[in-house]
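Notes for the one structure printed next.
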Amino acid sequence: MKRRKLLQTAAASATGLTLAGIPLHLLAAGTRGGTINVALQPEPPSIMIGTISNGPALLVGGNIYEGLLSYDEKLVPQPSLATSWTVSPDGLTYVFKLKPGVKWHDGQPFTSADVVFSIDVFLRKVHARARSNIVAVESIKALDPLTVEFRLKYPFGPFLGIFPANGMPMVPRHIYEGAADFLKHPANATPIGTGPFRFKEWSRGSFIQLVRNEQYHVPQVPLVDSLYFHVIPDAAARAAAFESGKIDILPGGSAEYFDVARMAKLPGVQLSTKGWEMFAPLSWININNRKAPMDKVEFRQALSLALDREGMRKVAWYGYADVATGAFNSHLKYFRADLPKLARDKDKAMKLLAASGYKGETLKLLPLPYGETWQRMAEITRLNLQEIGIKVEMVPTDVAGWNQRLNEWDFDLAFNFLYQHGDPALGVARNYTSSNIEKGSPFNNVEGFSNPQVDALFEQGQKETDPAKRQAAYYEVQKLLVEQMPVAWLHELNFPTLFRARVHNPINSATGLNDGLARAWVA
Amino acid sequence: MKRLQFMSVRIVQGLLALVLIATANFMLVHSAPGDPVSIMAGEAGASDPQFVAQLRKQFGLDKSLPEQLGTYLTHVVQLDLGYSYRQQQPVVKLIMDRLPATLLLTGSAFVLSLIFGVGLGALASRHAGSWVDSVITVVALIFYATPLYWLAMMAVLVFTVQLDWLPAFGFFTVGADLHGFAKAWDIFQHLLLPSLTLALFYMAVYARMTRASMLEVAQMDFVKTARAKGVRPARIQRNHILRNALLPVVTLAGIQAGGMIGGAVLTETVFAWPGIGRLMFDALLQRDYNLLLGCFLFTAAMAVLFNLITDLVYTLVDPRIELS
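Heads up: the protein sequence lines correspond to chains V and L, in order. Just so you know, the first sequence maps onto residues 635 to 1157 in our numbering. Just so you know, the second sequence maps onto residues 2 to 325 in our numbering.
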């Protein structure tokens, strides 16, 4: 591991000819052939990631579809389907040059017309996140077959961060153009992309097979012949399958943390927490700011001070998490490092609780139904809150019930975690701005927090392209949010990927396994 | 003639019951919190009202509940179970794809449990009070009381992780491209653990029931008469006692067979067996309404069918029972 990392960084600085930091000649040293088996859970509804963008769909579909850009672990844009890009001085016009000679899996050439169709027609219609990412876009034009021009309505700081395959996948115009309903298009069952692997077979309930794209536009890759994604619904069964060697990769989140801690020590097993830099998941307890006593800032601060985040980190997460400092994950751009980690202070918490006018109401706490770890988190939280005198009633639900209750704001306290998508304007603002208070999604401002200053600062950060000015706005908002405590932030989650030592180089970008296994090899 | 009349009456009754079941299922499923749209929006990690409204319209969830029920029942009567929007395939196709795996698993477990359960029960009753009886009774009790889930996990840990004798998951070795006998052998190996774990519980139940029932019948006058006439003990055991003791076993077997389609959720989950039980469970978690209702209706139809078959088998086992 160490040696490879050293080689990567050394070589990357020496030559411009690299792929996600890995020089081509090193890739050539990888062995060709073989098969990689990956655990998949839950089974995705579809792997056409232009229409379905849940975790498992991206895990598979990221091998089939590509975006204009990819991102290294520092979130710096790297060429993918676009090889270069220029920005006008006023920050309103972006011109992308596309890679020549790229072909769809059915042999058709990939051109600027596909880009315009994908973003302006297809994704705008069916992809909620892409749609919100391009609100600033005035027009998208194909200048020639390999040049695309974006004109913006106003400067948009995070613009170059919206083009990864998982957020803005390119889809084939020649297949979808003119279709009445993209969501129900029969071609979704046989995805056609430009990526390193082609769709071969999907045996529902069992596995999905992808095979090497021999016409891939990057020479030497992909290295393996075939990928199998095995649907194994039970966490203990996934662990057993991995342990017995039938599964090579357990992606982050697919094993219970007590199993992760145990299996990471087994011979022939490696663990990595890389590949989540783009997502930078941050967990918290949503506090329903609309209702008493949670509408009092003293109460929210008391609640936050009662929590033993360090204990949770050790007991529930087995160390694979870091205590948060506030609304930004430390991997995120413009993270303010001088804020202290959120710590426990029972005495202060009790004083604040008394000052908040809390009258002993019983609060409904909604655990996140995503396995044992979240169950432990809810139990510890209940204990912590009871210790300072807050009455808590647990309301267990399944995933559908959890969604429903958050959508309808029917909770007092609820666990949640969100991806930050590489830029505060893309992944943070949505949870705190007043304009995003709207029923129907568990991932917008469900806590109902509203503060004009916070709104103004987030807007300033979004519409500014000068990094220094953006930083000033975001530094200010981080401080303000911690004071207001609209939610009780818990941890930066470091989802561990377990893989068997025969698999080399499975993770090599800020989107990790979601970016595909083109550069992985087996030996 | 009588049998034909009986059958037709029962079939009509069964069909009526199925329509009632379909209605009840529909109401139950829709009363659970959360709908498929909120799930899909949640999984996408982002959604806006436009996305949600778009999906609701597509799934037909924007209509009133009675209207949806009306549409559903009209389709069901025409044997159309609808379309799974989540899986983007017709429900009937999804169920039929999973049917072979489920039938193989539950069918083999059914046969195994019946043969060994009745056999062991008969053996135990024959040697009532001896060590053979004690061993069988205790073992049956253990398997009866042990949770299926735990048993399955232990089986995987021992035979797959520790010994590496048997495969851990799935229906066959993916990517092996086997044919003919090699393929059958491969499936057999995959089938062994799930089928055994599923069979053990019912095996225990049949053993206990057969034993108790046979001991009871053995006290009856006609058995004493047979003994007094000098009939060979083995013949008494088989023709006089076992045959008469089988009625409760038939009842239970009917129930097991009726639940065969949907009854293997836990086993199918632990062994990643691509069967209908799991299909149904996933559909439940994802509020995949059409698929869930389709699975429910299918299993209900199986239960009704096997109920009918059980009644017919009664008359074969005990000619005194008449169809009416």
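Cβ coordinates follow ideal geometry from the N, Cα and C atoms, glycine included.
### Message
Could you check whether the Cβ of D319 of chain L sits closer than 8 Å to any Cβ belonging to chain V?
### Response
no
#### Entry: Extent of the continuous beta strand (DSSP E) run through A1048 of chain V
L1047 to L1052
### Query
By how many angstroms is the C-alpha of L56 of chain L removed from the C-alpha of Y86 of chain L?
9 Å
### Message
Buried or exposed for T1145 of chain V, going by 16 or more other Cβ atoms inside 10 Å?
### Response
buried
### Query
In whole angstroms, what separates the C-alpha of T72 of chain L from that of F816 of chain V?
24 Å
### Message
As a quick exercise: from V:K759, V:A875 and V:G725, pick the residue whose alpha carbon is nearest that of H864 of chain V.
### Response
V:A875
#### Entry: CA nearest to the CA of G741 of chain V, picked from V:K1025, V:W951, V:A940 and V:E848
V:E848
### Task
Measure the CB-CB distance between G120 of chain L and M210 of chain L and report whether it falls below 8 Å.
no
### D859 of chain V (DSSP reduced to helix, strand or coil)
coil
#### Entry: Residue(s) in a DSSP beta bridge with H864 of chain V
V:A673 and V:F841
### Task
Note down the Cα distance separating A1063 of chain V from F1092 of chain V, rounded to an integer number of angstroms.
6 Å
### Query
Taking DSSP as the reference, what is the three-state secondary structure of S214 of chain L?
helix
### Cβ shell of R212 of chain L (< 6 Å), same chain only, five flanking positions each side left out
G122, A125 and S126
### Opening and closing residue of the alpha helix (DSSP H) in which E1013 of chain V lies
E1006 to E1021
#### Entry: From V:H1055, V:T1067 and V:D1149, residue whose alpha carbon lies closest to that of R763 of chain V
V:H1055
### Query
What residues of chain V sit near S39 of chain L, judged by a beta carbon separation below 7 Å?
A1034, N1037, Q1038 and N1041
### Query
Near T717 of chain V, which residues of its chain fall below 8 Å by C-beta distance, leaving aside the five closest residues on each side in sequence?
K731, L732 and K733
### Query
In whole angstroms, what separates the C-alpha of G664 of chain V from that of W1155 of chain V?
6 Å
### Query
What are the boundary residues of the alpha helix (DSSP H) that L270 of chain L is part of?
The sequence given here places Thr at residue 270 of chain L; Leu does not occur at that position. First-last of the alpha helix (DSSP H) with T270 of chain L: V266 to V271.
### Query
Given A983 of chain V, which residues of its chain have a CB within under 6 Å of its CB, disregarding the five upstream and five downstream residues?
A936, L939, A940 and I1022
### Task
Identify the contact partners of D868 of chain V in chain L, using a Cβ-Cβ distance below 8 Å as the criterion.
T270, V271 and A273
### Query
Are G879 of chain V and T1131 of chain V touching if we call contact CB-CB under 8 Å?
no
### Query
For S65 of chain L, which option in L:D49, L:V92, L:H31 and L:K94 has the closest C-alpha, if you only look at C-alpha atoms?
L:H31
### Task
Just confirm the distance between the C-beta atoms of P1058 of chain V and P1030 of chain V, as a whole number of angstroms; I'd bet it's less than 8 Å.
Rounded, the Cβ-Cβ distance is 33 Å, inconsistent with contact.
### Secondary structure of E877 of chain V, DSSP reduced to three states
helix
#### Entry: Backbone secondary structure at T107 of chain L - three-state DSSP
helix
### Message
Please list, in chain order, the chain L residues whose beta carbon lies closer than 8 Å to that of V957 of chain V.
### Response
Those do not exist, as V957 of chain V stays about 24 Å from chain L at its closest Cβ, beyond 8 Å.
### Task
Would you list, in sequence order, the uninterrupted beta strand (DSSP E) runs of no fewer than 3 residues that lie entirely inside the stretch 783-847 of chain V?
831-837 and 841-846
### Query
Going by the CB atoms, is the gap between P679 of chain V and I670 of chain V shorter than 8 Å?
no
### Task
Can you grab the Cα-Cα spacing for the pair V206 of chain L / G118 of chain L, in whole Å?
7 Å
### Task
Classify K985 of chain V as helix, strand or coil using the three-state DSSP reduction.
helix
### Query
When burial is assigned at 16 or more other CB atoms within 10 Å of the CB, is G994 of chain V buried or exposed?
exposed
### Task
Could you spell out where the alpha helix (DSSP H) holding E995 of chain V opens and where it closes?
Neither: E995 of chain V is in no alpha helix (DSSP H) and is coded neither H nor E.
### Message
Can you check which of these residues, V:A971, V:A1012, V:Y968 and V:D972, is closest to R580 of chain V by C-alpha distance?
### Response
Here chain V comprises residues numbered 635 to 1157, so residue 580 of chain V is not present and cannot be evaluated.
### Task
Establish whether the CB of P34 of chain L and some CB of chain V are separated by less than 8 Å.
yes
#### Entry: Beta-ladder partner(s) of K775 of chain V, from DSSP
V:E783
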